[in-house]
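S.K.:
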Amino acid sequence: MCIHQLNLLAASNNVPITNFLGKQHPIEAHHLSSICDIMEKAMVNGDTCIIRCILVVFQVVFKFFFSPQTERNRDIVRRSGLLLWQLLMAPRDQICSEIQKEVCLAISSGLNILYPGEAEINNLLKLVLTEGERNSGLSQLRDVILTNLAEQLQNNRFGSEDDDHYRLNDELLHCILKIVVRESCVLITKCQTVSKDDFQRLLSTVPAASSCLRYLMAVQNHLLSNTILIKPDENDDSDSSLQGETLKVQELKTSILSLATQILTGCDEVLEMLQQVTTALINSDISDREQRLKGLEQITKATMLGHLLPVLLTSLMHPNLQTLTMADALMPQLVQLVLYTSQTALLLKTQSPVFSELNSSPSGASEQKGKLLPDERMLEEKEEPGFLTGLKIPAPWAAGKTVETVHPVRDNYKFKETVHIPGARCLYLRFDNRCSSQYDYDKLVIYAGPNTNSRKVAEYGGNTLGYGSRSVLGTGWPKDLVKVEGDTVTFSFEMRSGREHNTPDKAMWGFACTVRAQESSEDVSGGLPFLVDLALGLSVLACSMLRILYNGPEITKDEETCQELLRSKLLQRCQWQVEANGVISPALTPSPSPLPLTIDEDREFTYPSDVLVPPVGHYFDLPRIRLPPGIMIKLREISGRARPQFRPSIK
1 MCIHQLNLLA ASNNVPITNF LGKQHPIEAH HLSSICDIME KAMVNGDTCI
51 IRCILVVFQV VFKFFFSPQT ERNRDIVRRS GLLLWQLLMA PRDQICSEIQ
101 KEVCLAISSG LNILYPGEAE INNLLKLVLT EGERNSGLSQ LRDVILTNLA
151 EQLQNNRFGS EDDDHYRLND ELLHCILKIV VRESCVLITK CQTVSKDDFQ
201 RLLSTVPAAS SCLRYLMAVQ NHLLSNTILI KPDENDDSDS SLQGETLKVQ
251 ELKTSILSLA TQILTGCDEV LEMLQQVTTA LINSDISDRE QRLKGLEQIT
301 KATMLGHLLP VLLTSLMHPN LQTLTMADAL MPQLVQLVLY TSQTALLLKT
351 QSPVFSELNS SPSGASEQKG KLLPDERMLE EKEEPGFLTG LKIPAPWAAG
401 KTVETVHPVR DNYKFKETVH IPGARCLYLR FDNRCSSQYD YDKLVIYAGP
451 NTNSRKVAEY GGNTLGYGSR SVLGTGWPKD LVKVEGDTVT FSFEMRSGRE
501 HNTPDKAMWG FACTVRAQES SEDVSGGLPF LVDLALGLSV LACSMLRILY
551 NGPEITKDEE TCQELLRSKL LQRCQWQVEA NGVISPALTP SPSPLPLTID
601 EDREFTYPSD VLVPPVGHYF DLPRIRLPPG IMIKLREISG RARPQFRPSI
651 K
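Note that full-length UniProt numbering gives residue 572 to position 572 of the sequence shown, counting from 1, and the numbers run on in steps of one.
1. Counting pairs of beta carbons, one from the stretch 447-466 and one from the stretch 403-414, are three or more of them closer than 8 Å?
2. Report the partner residues of Cys53 according to the DSSP bridge assignment.
3. Between which residues of its own chain and Ala42 is the CB-CB distance below 7 Å, once the five residues before and five after are set aside?
4. Need the endpoints of the alpha helix (DSSP H) that Ser97 sits in, please.
5. Note down, in chain order, each residue of its chain lying with its Cβ closer than 7 Å to the Cβ of Thr503, except the 5 sequence neighbours on either side.
6. From Met39 to Lys101, what distance separates their C-alpha atoms?
7. Tell me whether Phe493 sits in a helix, a strand or coil according to DSSP, three-state version.
8. Taking all protein chains shown into account, decide if Leu146 is buried (16 or more other Cβ within 10 angstroms of its Cβ) or exposed.
9. Below 8 Å on the Cβ atoms is my guess for Val472 versus Asp440; work out the distance and round it to an integer in Å.
10. Which runs of the alpha helix (DSSP H), 4 residues or longer, sit entirely within the stretch 516-568?
11. How is Gly400 classed by DSSP in three states: helix, strand or coil?
12. Take Leu308 and list the residues in its own chain whose beta-carbon comes closer than 7 Å to its own, dropping the five residues that flank it on each side.
13. Measure how close the beta-carbons of Gly306 and Val180 come, nearest whole angstrom, since I'm counting them as under 8 Å.
14. So with Cβ pairs under 7 Å, would you call Leu127 a contact of chain D?
15. Return the bridge partner residues of Phe58 from the DSSP annotation.
16. Determine the DSSP secondary structure at Tyr467, reduced to helix, strand or coil.
17. Based on DSSP bridge pairs, tell me the residues matched to Phe511.
18. Put Arg641 into one of helix, strand or coil per three-state DSSP.
19. With distances taken Cα to Cα, identify the nearest neighbour of Ala448 among Ala424, Leu465 and Gly474.
20. Which of the three DSSP states is assigned to Cys36 in this structure?
21. Does DSSP classify Ala119 as helix, strand or coil?
22. Could you spell out where the alpha helix (DSSP H) holding Gly423 opens and where it closes?
23. Judging by CA-CA distance, which residue of Cys513, Thr475, Glu564 and Met331 is the nearest neighbour of Ile446?
24. How about Gln192 and Leu281: are their beta carbons less than 7 Å apart?
25. If we ignore side chains and look at the alpha-carbon of each, how far apart do Asn73 and Ile95 end up?
26. Work out the CA separation of Ser204 and Lys196 for me, nearest whole Å.
27. For Thr300, which of Thr341, Pro628, Leu313 and Ser568 has the nearest alpha-carbon?
28. Put Leu429 into one of helix, strand or coil per three-state DSSP.
29. Measure the C-alpha to C-alpha separation of Pro629 and Cys543 and round it to an integer number of angstroms.
30. Taking buried to mean at least 16 other C-beta atoms within 10 Å of its own C-beta, is Asp507 buried or exposed?
31. What residues in its chain sit with their C-beta under 7 Å from that of Pro374, if we drop five residues either side in the sequence?
32. Do you know how far the Cα of Leu223 is from the Cα of Asp320?
33. At the level of alpha carbons, what is the spacing between Glu500 and Lys483?
34. Tell me whether Ile631 is buried or exposed, calling it buried when 16 or more other Cβ atoms sit within 10 Å of its Cβ.
35. In the DSSP output, which residue or residues are listed as bridge partners for Ile188?
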């Protein structure tokens, strides 16, 4: 156990022993061979104590003291790996769970030594991901390896040379995502299938993320952090640096798009299962149906819907990810998720007491028990005004700002603070009922403005507790709201007296005040139900993506420069052709033009409705543009040609 403690200390980078162990010379091959001999003998004799000790020794040796550079060392490594796998795959009745855990830790510690190549590590991970459900040892090894990789990604959130090692390839990520989707669906299904006692135990253990889910969270946070939070180096403006930054950002966006597509697809499956379970619970006759429906939302937070989707939705609203490529790829999935979340939120809302009261009617509609067939449920949803009916949207801005002194105030204490709420016509101040000062001249002065030169609104001081002045200024500390005109208020408090020996803390408490822009304080602590909040977030993101799709590609610099030319009627009447290399150029041979023979420059030109019908007359005549008289006069002045005079013909 001393070796085990040494290993735990070595795992911390903040402990000096880590630096000490890192400077030691690598262990020689014959020493590791002796350790393997001891392990083999202990396995033959069934000595679990020695086996556990040797497993911990393996963890320390693989992490600090061994380098498989020679062929002999590689042979010893292969021997060590075979011993570890023999223990890992042993039947459960021959090996205890503690030894199995130590085996997994040993393999995880020596992952780069036992499997030096990327292909070997990928094959190992593919094995534990695909066969982990059928073997407890492989399942535990999978959890240990993914947990370790997730921690490494979290520690290297903003990029390092080890990113490629900690981030698995797309095939392995897809396998992990399939496991996460399956775990989420199983967890939601338990809300319907387990017994009442087991359901209560389930509620007490969530939301706890599995190792696969933790790794996906780490990968997602790693990619999003590097895309959103990292800014380019402003001091290095060289072309190579800018080109490198651009390529890196593009690679990150491509990775985020691939991961987001897979996550949204997985969430689609989980939401479909959630809707099925919700409908089944509503139509069931179990005694604790209401408790299960309430707990269903808490269980949902423990799935990928609670751990992955909210972070992804929030990050996709960042300008760096609001691109046409993202919108075009994710829009179909977002629409499907909006439908699933809104329908499921509506189903859950129909079972809440608030909804029942809102929909109660004299005709006896409130006497329905909420059991709906699928077809009837769809009709019911169409008749409903929406899943937000009867719910109060939280207003975080209505919470206001709290201004307060230290408690209790000390001698010679001074306090000054200004609160500004843009756009507010007036401010409402609510004071704490514990406000007090020793004497009435230890007072608070309130000003309607940004400083103490502004208009004085009121002043408060003293206490009614029988200490100090035993009195208060005016009517005392306010118990009702204090209204201050304008959007800015300044508080100025000064403790002028010295504290007397018999004055308790409650008589020198100071003050605390909450400033709001609304007269009635809103309840901002409850928030929305999880699925309703998720549906709103998905709707906002979908609307944002629709706006991007509607606006289309961004205007390029060349288009901005050529705005005047693009608006010219002269260029708009040209016949353009696309050459073999993709370049657009004016056609050398005029084609039949459906345009009128004259275009008035002063009027807005619109193509005729029969634009596809060839005009009658000369097919190769381009339409003339009638220029304004002012331009014609200037052109004649520049060219020196006078306006032609038409003489009447004499018969």
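All C-beta atoms, glycine included, are put in the ideal place defined by N, C-alpha and C.
M.R.: Answer, in terms of the structure:
1. no
2. Note: Cys53 sits in no beta bridge, so no partner.
3. Ile50, Ile51 and Ile54
4. Ser97 to Ser109
5. Gln438, Tyr467 and Gly468
6. 16 Å
7. strand
8. buried
9. 6 Å
10. 530-551, 557-561 and 563-566
11. coil
12. Leu216, Met217, Gln220 and Ile263
13. Actually they do not touch by this definition, with Cβ atoms about 12 Å apart.
14. Absent from the structure is chain D; it holds one protein chain and no more.
15. Note: Phe58 sits in no beta bridge, so no partner.
16. coil
17. For Phe511, which the question treats as bridged, DSSP gives no partner whatsoever.
18. coil
19. Ala424
20. helix
21. helix
22. Looking at the DSSP string, Gly423 is not in any alpha helix (DSSP H), and its letter there is neither H nor E.
23. Cys513
24. yes
25. 28 Å
26. 13 Å
27. Thr341
28. strand
29. 49 Å
30. In the sequence under discussion, the amino acid at residue 507 is Ala, which differs from the Asp named in the question. Result: buried.
31. Unreliable positioning characterises Pro374 in this predicted model, as indicated by a pLDDT of 49, which lies under 50. The coordinate reading is nonetheless provided below. Contacts found: none.
32. A small fix is needed here, since residue 320 is Asn in this sequence, not Asp. Looking at the two C-alpha atoms, the distance is approximately 12 Å.
33. 34 Å
34. exposed
35. Answer by DSSP bridge pairing: none, since Ile188 is not bridged.
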